[in-house]
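Colleague: Dropping a structure here in structure tokens format, bear with me for questions.
In UniProt numbering, the protein residues as written are 1 to 193.
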């Protein structure tokens, strides 16, 4: 494989096409997918409670199964999720892929992001790049944990609200039954009187 010189040493050139492909389709980006409450809840549990998730160990040479790829988001327990991620209980369908499943950013998008990251952070040394990337990953991981903690709190609040509504509905039905009984008794008294 050819190598490409960079300010931080040579890197293997990608054999990916330079023109957009179906993999570059914006419909696979996580923010373009329709909301899926069950997936988001599973993701929350995988991030906040990784010890509750039972994932079999990965083999070093494991390949994607001969099963069709499900629609996005790919369930967290899918056999297609074989690549590790920052979170132990969350595997990806592709190396450097999206948490929802899919290939991840195209090489072009990744290169543009890397150039912008280096320029914005003013990085000039390879070891500084590694440190800054690690810091950025940790910051994003903290943000994900914070968002999932807020989601967990919101789910608890929603459940409490549902219980309160159910109690109010039950109370109202009981009131309606009492009102109906009183109405029936009045009708009966009028009919007799």
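Even for Gly, the Cβ is constructed at its ideal location relative to N, Cα and C. Values in this document were obtained by computation on a predicted structure and should not be read as measured data.
DSSP on residue 92, reduced to helix/strand/coil?
Modeller: In the structure shown, residue 92 sits in a strand (DSSP, three-state: E or B).
Colleague: Between the region 32-46 and the region 70-78, are three or more C-beta pairs nearer than 8 Å?
Modeller: At 8 Å Cβ cutoff, the stretches touch.
Colleague: Taking just the CA atoms, how far does residue 90 sit from residue 180?
Modeller: Each residue's alpha carbon lies about 55 Å from the other.
Colleague: I need the DSSP call for residue 84, collapsed to helix, strand or coil.
Modeller: Three-state result, residue 84: strand.
Colleague: Do the CB positions of residue 141 and residue 86 come within less than 8 Å of each other?
Modeller: Result yes, Cβ atoms of residue 141 and residue 86 sit closer than 8 Å.
Colleague: At which residue ranges does the region 96-136 contain complete alpha helix (DSSP H) runs of 4 or more residues, listed in the order of the chain?
Modeller: Segments of the alpha helix (DSSP H) lying fully in the region 96-136: 107-121.
Colleague: Between residue 94 and residue 102, how many whole angstroms is the CB-CB distance? I'm expecting something under 8 Å.
Modeller: Yes, residue 94 and residue 102 are in contact; Cβ-Cβ is about 7 Å, under 8 Å.
Colleague: Taking the alpha carbon of residue 77 as the reference point, which residue from 107, 104 and 45 has its own alpha carbon closest?
Modeller: Looking at the Cα atoms, 45 is the closest of the given residues.
Colleague: Could you have a look at residue 49 and say whether DSSP puts it in helix, strand or coil?
Modeller: If DSSP states are grouped into helix, strand and coil, residue 49 belongs with coil.
Colleague: For residue 43, name the three-state secondary structure that DSSP assigns.
Modeller: Helix.
Colleague: From residue 108 to residue 133, what distance separates their C-alpha atoms?
Modeller: Cα to Cα, residue 108 sits roughly 18 Å from residue 133.
Colleague: Quick check on DSSP: helix, strand or coil for residue 79?
Modeller: Looking at residue 79 - three-state DSSP - the assignment turns out to be coil, as it is neither helix nor strand.
Colleague: Within a Cβ cutoff of 6 Å, which residues of the same chain sit near residue 112, ignoring the five residues on either side of it in sequence?
Modeller: None.
Colleague: Just how far apart, CA to CA, sit residue 188 and residue 162?
Modeller: The alpha-carbon atoms of residue 188 and residue 162 are separated by roughly 38 Å.
Colleague: By a C-beta neighbour count over all protein chains shown, 10 Å radius and 16 as the cutoff for buried, is residue 100 buried or exposed?
Modeller: Buried: at least 16 other Cβ atoms inside 10 Å.
Colleague: Decide if residue 137 is buried, meaning its Cβ has at least 16 other Cβ atoms within 10 Å, or exposed.
Modeller: With fewer than 16 Cβ atoms within 10 Å of its Cβ, residue 137 is classed as exposed.
Colleague: Answer yes or no: do residue 156 and residue 48 have a C-beta to C-beta separation smaller than 8 Å?
Modeller: No. Outside cutoff.
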